[in-house]
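Numbering (our numbering), first residue to last: 107 to 449. For glycine and all other residues, C-beta sits at the position ideal for the given N, C-alpha and C. None of the values given here were measured: they were computed from a predicted structure. So the structure is just underneath, and the comments pick up after that.
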Amino acid sequence: MINYEIDTNSKLSGETIEALKPNFKEGVSRYFGRGKLLLSGEYFVLDGAKALALPTVYGQALTVTYRKSFSPKIIWVAKDNNGEVWLKTSFEFWRFDCLEENKDLPEVIILQKLLKKARELNSHFLREENVEVHVETQLDFPLDWGLGSSSTLIYNIAQWAYVSPFELASNTFGGSGYDIACAQTEGPLLYERSIDGPHWEIVNFNPSFKDNLYFIYLGKKQKTKDSIKLYRDRGPYKESVIREISEISDKMCRSNSLAEFEALIGRHERIVSHELDLPPVQLLYFSDYEGKIKSLGAWGGDFVMATSHSSKEETIKYFQDKGFFVVKTYDEMINQSEPLLKV
């Protein structure tokens, strides 16, 4: 397994920091992080199970513009996928205190927490004087889709501040870190969390049956913290369960047929259902569906994946007749890099 994570314990020299710092006099810096879907390993990735994760074509951009000013502050504007402003606020530089009346909004408090932690991790971050910083974030997926509005923000801020995105995430949002790996990776990956940090490898997951795979939005966004608590409350889990989930993830990468892939989906859903005492999503909503349906990430909401033995038109109609109108093909949803490594 290849480790793509930077050494979070290393300290950058003063000269290196100065060389990396953007032009604070005037200029623009841009960053982009990809969204994510977790195809296998949900929940158990927290305890070291291998997970097959898919970076999406959708993501979030962050643009930072520096302007000379005798009144230093950060002006933050967040836009949704339609270009509409859904959050606007500002902070002073020194303690990142909010300067607006919306300082008690959860979103503002989260931003403040991220900026403070970035400063703790890199004491040089935003220490310049006589500069006004305009930050604009732009999502290209709806906020409620659950594709990683938080993880892409964390990744982008970390790139801006020259800190480890994994360290920034673990000190603010927590979680396994697979979403941070997806934010910075161009194609499907196998992710594993261990005591010495996150590890992942890009895999050649470009199945011949990808035209038979669809992603459906259920419209029931889940809270990561609540899902993790549910998982922890049901543990601890046997090592054999962790090994079996990892084995399924490995085999998914090498699946040569839709039938084999569907068998792995069924096996994975049965394990998670049994261990967490949760009903599979197919039983809840799609008991009459001919293909297989798998939860992605937190069970009960966000996106699911469906295999199909019917035409694209028939498949989309089935889900729309059930009241689910966001149905995406594999190529419409998943970013596919050129294969670098093969499992």
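- Assigned with DSSP and collapsed to three states, Gly-165 falls in strand.
- Counted as a single uninterrupted DSSP element, the beta strand (DSSP E) harbouring Ser-300 occupies residues 295-300.
- In terms of CA proximity to Ala-159, Glu-148 leads the group Glu-148, Leu-259, Lys-329 and Phe-279.
- Looking at Tyr-337, Lys-331 and Thr-162, the one whose alpha-carbon comes closest to that of Leu-384 is Tyr-337.
- Selection Val-387, Tyr-172 and Trp-251 evaluated against Met-439 yields Trp-251 as nearest (Cα-Cα).
- Out of Gly-303, Ser-314, Lys-209 and Ile-308, the CA that lies nearest to the CA of Leu-296 is found in Ile-308.
- The straight-line gap separating the alpha-carbon atoms of Asn-262 and Ala-275 is approximately 11 angstroms.
- Where Ile-215 is concerned, the enclosing alpha helix (DSSP H) starts and stops at 212-227.
- Pairwise C-beta distances place the segment 179-199 out of contact with the segment 365-380, as fewer than three of them are shorter than 8 angstroms.
- Gln-442 and Val-239 have their C-alpha atoms spaced approximately 34 angstroms apart.
- Annotation note: the segment 231-289 contains the following uninterrupted alpha helix (DSSP H) runs of length 4 or greater, listed N- to C-terminal: 255-267, 271-276 and 284-289.
- Setting aside the 5 residues that flank it on each side, Pro-294 is surrounded in the same chain by Leu-160, Val-309 and Phe-311, each with a C-beta closer than 6 angstroms to its C-beta; the list follows chain order.
- Here the alpha carbon of Thr-291 sits roughly 15 angstroms from the alpha carbon of Leu-145.
- In the three-state DSSP reduction, Leu-152 falls in the helix class (H, G or I).
- In this structure Ile-422 is not in contact with Ala-412, their Cβ atoms being roughly 10 angstroms apart against a cut-off of 8 angstroms.
- With a cutoff of 7 angstroms on beta-carbon distance, Thr-258 and Gly-165 are scored as near each other.
- By the Cβ criterion, the segment 281-291 is not in contact with the segment 358-366, since fewer than three pairs of Cβ atoms, one from each stretch, lie closer than 8 angstroms.
- Cβ neighbours of Asp-186 within its own chain (closer than 8 angstroms, five residues either side excluded): Trp-192, Leu-245, Pro-248 and Leu-249.
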